[in-house]
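Some notes on the structure that comes next.
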Amino acid sequence: MSGNSEESVIGIDLGTTRCCVAIVDGTGKAQTIPNDLGRNTTPSFVLYDQNGDAIHVGDAAINTSNTGRNLIYDAKRLIGRQFNDQVVMEDRRKWSFEVVRETDVPNTGKAMIKIGDNYIAPEDVSAELLKKMKEYAKSYMKGRDVKKAVITVPAYFEARQKDATVQAAEKAGLEVLMLITEPTAAAIALAVKQNEKDERIIMIYDLGGGTFDVSIAKIKNGHVDILAISGNNHLGGEDFDETIVTAYIEDFEDKTKLTFPDDKILRRKLRNECCIAKQTVVSMKGSVNIEMTVQVKGQSVNHSFAFNCKQLHQLCEALLQGTMGSVDHALEKAELTPDKVDQILIVGGSTRIPRIKELIKSKFKKAALLQNVNPDEAIAMGAAIYGAQLGRGNQGPATMPQSCRNDIGGNNSPNYYDAAFMTLQICEAVPLSIGMEVRGNLVQIVIPRNTPYPFRVRIFLRSILVSSSIVI
């Protein structure tokens with residue numbers, strides 16, 4: 002990055018449940034940018050009026066009373082999706098807002114959000130979140146305009162989802178210099194933070210609000226080579242919340258002998274209470290009470306459900322074991338055994354669940370579990386660091402002045418990345434196989450999943466000798 006702040010590139014973690022924005026400042030230090038409440042993350046919620054105009058974003062959207070069906074969330078689970086995608090069909094049953102098909106033609110059309118007579122694309126919702134991140138960055142930079150960004154996406158995002166994310170950024174007035182995967186961004190943050198010359202194998206376990214990614218990387222002196230990627234594009238903290246919602250409803254119906262109302266807005270409020278309870282019990286001993294007053298057959302019924310961390314682990318065990326299945330898959334693709342992994346970095350807010358560390362420590366007995374990187378901020382930090390390198394173009398890294406040297410690896414300072422003074426080399430891997438349709442409606446794989454890129458060209462021969470061309 003050059004010393005000119007006007008050319009700074011921001012890094013954005015556009016999360017399912019929360020967003021975070023970071024920047025590398027003129028002294029080479031990467032740091033998160035606080036929102037208008039002084040917090041480093043912002044809820045991924047947007048409130049619209051009946052005309053389809055966004056009126057509040059983040060905490061302001063959540064804290065507005067009587068939001069009804071106009072409070073939009075989970076845009077990341079909708080962006081780039083078709084209406085008839087299986088995951089969209091399943092999530093529609095839980096969302097309090099209305100999701101419709103873009104066109105009236107059966108089995109076609111992307112998923113759209115309907116508010117009143119207005120149709121809102123998921124990328125428009127993401128654009129509002131990105132506008133707010135841009136606004137916070139501009140305020141932090143004393144009014145200087147922000148035009149460029151590196152934005153992170155899940156490793157398993159498909160091309161449609163990535164394209165829609167870029168469209169959202171363009172609508173927010175941002176030029177996307179690069180989309181990088183979330184675990185790669187976390188690996189970049191770690192590589193710069195540690196700045197070690199010895200080669201080491203690290204695993205990034207990234208469990209956020211809506212997605213799970215695991216990557217295995219080789220890091221040495223600023224070089225980050227992704228060896229393997231696995232994960233689940235539809236697994237995160239919201240799914241844990243849903244298991245608690247189900248447990249609450251079962252307890253309600255068992256104790257009261259009444260049927261819990263089929264009300265999506267009520268269910269959204271219950272899920273919010275369950276999320277708060279989850280976040281509380283992972284950081285304390287004892288239990289909390291999840292309380293709701295429900296209208297059933299004209300009468301108000303108050304129900305309290307005692308909940309603790311042990312119950313959380315029991316309810317979520319199958320989902321957590323599923324993440325370890327993805328870990329096994331990544332190890333297999335990287336052709337490694339657990340004892341060959343030197344360090345494990347856990348990122349994403351959902352990794353605060355204690356059971357996750359138990360499962361990881363049980364499998365990786367020799368690996369060091371890194372806990373000096375903020376799980377909510379590491380991904381945005383990594384994106385900002387990579388953005389700083391892209392922003393300086395062909396210029397080499399600046400020379401670090403002695404006055405700017407800080408405690409790399411320290412836990413007490415948010416400014417521990419000497420990011421502008423390193424040259425990073427990133428080699429990602431293709432998360433999904435890429436191929437083309439051939440005769441018989443079959444797919445011929447051209448680039449297998451987990452292929453490092455840039456990669457070699459594969460040569461295809463004509464099936465008919467006299468053919469002068471082929472259509473791909």
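Final position of the sequence shown in the working numbering is 473; the numbers increase by one with none missing. Built from N, CA and C at the ideal position, the CB exists for glycine as well.
Cut-off 6 Å between Cβ atoms - residues of its own chain near residue i, not counting five sequence neighbours on either side
i, result
"Ala186", "Thr153, Ile380, Gly383 and Ala384"
"Glu103", "Gly110, Lys111 and Met113"
"Ala128", "Ala169, Lys172 and Ala173"
"Val167", "Val177"
"Lys265", "Ser97"
"Glu239", "Gly210 and Gly211"
"Thr352", "Leu208 and Pro376"
"Lys367", "Asp340"
"Ala331", "Val215, Ile217, Ala229 and Ser231"
Residue i, buried or exposed, once every other Cβ within 10 Å from all chains shown has been counted against 16
i, result
"Lys111", "buried"
"Gly436", "exposed"
"Met113", "buried"
"Leu228", "buried"
"Thr247", "exposed"
"Gly299", "exposed"
"Val1", "Given that the chain is displayed from residue 2 to residue 473, the structure contains no residue 1 and the question cannot be resolved."
"Ser9", "buried"
"Glu124", "buried"
"Val444", "exposed"
"Ile277", "exposed"
"Arg161", "exposed"
"Gly326", "exposed"
"Asp146", "exposed"
"Asp92", "buried"
"Ala307", "exposed"
"Asp408", "With a pLDDT of 35 at Asp408, under the threshold of 50, the modelled position of this residue cannot be trusted; read the value that follows with caution. Per the 10 Å Cβ criterion, exposed."
"Gln372", "exposed"
Proximity below 8 Å, CB of residue i to CB of residue j
i, j, result
"Leu391", "Val151", "yes"
"Ile245", "Lys279", "yes"
"Asp343", "Ile203", "yes"
"Cys21", "Glu378", "yes"
"Val374", "Ala190", "yes"
"Gly81", "Asp14", "no"
"Ile361", "Tyr206", "yes"
"Asn222", "Lys198", "yes"
"Thr17", "Asp54", "no"
"Val88", "Val100", "no"
"Lys143", "Val58", "no"
"Ile11", "Gly349", "no"
"Ile354", "Leu313", "yes"
"Leu130", "Ser66", "no"
"Ser301", "Thr294", "yes"
Endpoints, alpha helix (DSSP H) assigned at residue i
i, result
"Ala160", "Ala160 to Lys172"
"Glu200", "Looking at the DSSP string, Glu200 is not in any alpha helix (DSSP H), and its letter there is neither H nor E."
"Thr185", "Glu183 to Gln195"
"Ser127", "Pro123 to Tyr141"
"Gln87", "Gln87 to Arg93"
"Val147", "Careful: Val147 lies outside any alpha helix (DSSP H) and carries neither H nor E."
"Ala335", "Cys310 to Ala335"
"Tyr249", "Gly238 to Thr257"
"Leu79", "Ala76 to Leu79"
"Leu346", "Segment Gln344 to Val348 is the beta strand (DSSP E) holding Leu346; no alpha helix (DSSP H) there."
Contact set for residue i: own chain, Cβ-Cβ below 8 Å, skip 5 residues either direction
i, result
"Asn71", "Leu48, Tyr49, Asp50, Gln51, Phe98 and Ile116"
"Pro35", "Asn41, Tyr137 and Tyr141"
"Lys148", "Gly174, Leu175 and Glu176"
"Ser404", "Confidence at Ser404 is low in this model, with a pLDDT of 41, below 50, so the placement of that residue is unreliable and no value is reported for it."
"Asn309", "Val282, Gly287, Ser288 and Val289"
"Tyr200", "Position check: residue 200 holds Glu in this sequence, whereas Tyr was assumed. Lys219, Ile220 and Lys221, listed in sequence order."
"Ala188", "Ile203, Ile205, Ser216, Ala218, Ile220, Val225, Ile227, Leu346 and Gly383"
For residue j and residue i, believed in contact at Cβ under 8 Å, the rounded distance
i, j, result
"Gly237", "Gly209", "5 Å"
"Asn303", "Glu292", "7 Å"
"Pro155", "Asp214", "6 Å"
"Ile357", "Leu321", "6 Å"
"Ala192", "Ile220", "5 Å"
Extent of the continuous beta strand (DSSP E) to which residue i belongs
i, result
"Leu228", "His224 to Asn233"
"Asp214", "Phe213 to Lys221"
"Ala278", "Ala278 -> not in any beta strand (DSSP E); alpha helix (DSSP H) instead, spanning Lys265 to Val282."
"Thr294", "Ser288 to Val297"
"Gln390", "No beta strand (DSSP E) holds Gln390; the alpha helix (DSSP H) holding it covers Ala379 to Gly392."
"Glu99", "Glu99 to Arg102"
"Ala369", "Ala369 to Leu371"
"Lys115", "Ala112 to Ile116"
"Ile361", "Taken as a continuous stretch (DSSP letters only), Ile361 belongs to no beta strand (DSSP E), being part of the alpha helix (DSSP H) at Pro355 to Lys364."
Same chain, Cβ closer than 7 Å to residue i, five either side skipped, listed in chain order
i, result
"Phe365", "Pro339, Val342 and Ile345"
"Phe38", "What sits at residue 38 in the sequence shown is Leu, not Phe. For Leu38, where only same-chain residues beyond five positions count, the Cβ hits under 7 Å are Asp60."
"Gly69", "Ile266"
Within-8 Å CB hit, residue i to chain D
i, result
"Val10", "Note that chain D does not occur in the displayed structure, where there is just one protein chain."
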